[in-house]
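First up is the structure itself, then whatever we jot down about it.
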Amino acid sequence: MVRVLDSHALLAYLEKEPGFEAVQSVFLHAVEKESPVLMTAVNFGEVYYVVMRELGSEKAVEIEHVIGQLPIQIVGVDIDLAREAAKFKAAKKMSYADCFAAALAKLHGGELITGDKEFKEVERDVKVLWIR
């Protein structure tokens with residue numbers, strides 16, 4: 002099964018916050034199965050700006066390098082992904098960035114990895130693996 006990572010889960014992993022072990026397990030499984038975890042470029046950007054805002058641009062560049070070593074495939078936004086994210090945004094009370102993660106999971110019939118309660122909005126549309 003395809004797994005999709007949202008920014009909340011990746012930040013929990015990077016900062017060793019609650020849920021860290023669950024994300025680590027997802028990464029180990031991805032390496033064993035040679036099946037990368039997907040993440041939208043929008044959600045990657047969200048992680049990047051959070052790190053930059055909280056820790057500065059040098060740390061953001063460092064974190065980008067760390068992310069590049071993880072079994073994560075960054076997926077660009079195309080018209081189909083943008084349309085699906087827009088459908089979620091129009092119907093659900095979620096941030097637009099979170100809508101992209103949900104849309105990617107839906108389009109791939111995948112499982113969304115998160116600890117962000119905002120994704121309760123899409124549990125009927127997308128399978129969610131809660132990290133906490």
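Everything in the sequence shown is counted per this note's numbering, starting at 2 for the first residue and increasing by one. Think of the CB as a built atom: it goes at the ideal place given N, C-alpha and C, for glycine as much as any other residue. No experiment lies behind these values; they were computed from the predicted model shown.
Worksheet item: Using DSSP with H/G/I as helix, E/B as strand and the rest coil, what is Val76?
Response: As a working mapping, residue 76 is identified with position 75 in the sequence shown. Strand, per DSSP.
Worksheet item: Is the CB-CB distance between Leu71 and Val5 below 8 angstroms?
Response: Numbered from its first residue, the sequence shown carries residue 71 at position 70. Numbered from its first residue, the sequence shown carries residue 5 at position 4. Going by C-beta atoms, Leu71 is not nearer than 8 angstroms to Val5.
Discussion item. Taking 8 angstroms as the threshold (C-beta atoms), are Leu82 and Leu56 in contact?
Written reply: Within the sequence shown, the letter at position 55 stands for residue 56. Within the sequence shown, the letter at position 81 stands for residue 82. No. Outside cutoff.
Item to complete: With DSSP collapsed to three states, give me the class of Leu71.
Response: Taking the first residue of the sequence shown as 1, we reach residue 71 at position 70. Coil at Leu71, not helix or strand.
Item to complete: Over the uninterrupted alpha helix (DSSP H) stretch that includes Met40, give me the two end residues.
Response: Locating residue 40 in the sequence shown gives position 39, where the first residue counts as 1. Not the alpha helix (DSSP H): Met40 falls in the beta strand (DSSP E), residues 38-41.
Item to complete: Please look up how many angstroms separate the CB atoms of Ile132 and Ala23, rounded, as I've assumed it's under 8 angstroms.
Response: Walking along the sequence shown from the start, residue 132 turns up at place 131. Walking along the sequence shown from the start, residue 23 turns up at place 22. The Cβ separation is near 4 angstroms, so the contact holds.
Discussion item. Considering only their Cβ atoms, is the gap separating Phe120 from Ala92 smaller than 8 angstroms?
Written reply: For this step, residue 92 is matched to residue 91 along the sequence shown. For this step, residue 120 is matched to residue 119 along the sequence shown. For Ala92 and Phe120, no; Cβs fall outside 8 angstroms.
Worksheet item: For Lys94, which three-state DSSP category applies?
Response: For the purposes of this step, residue 94 is taken as the residue at position 93 of the sequence shown. DSSP places Lys94 in coil when its eight states are reduced to three.
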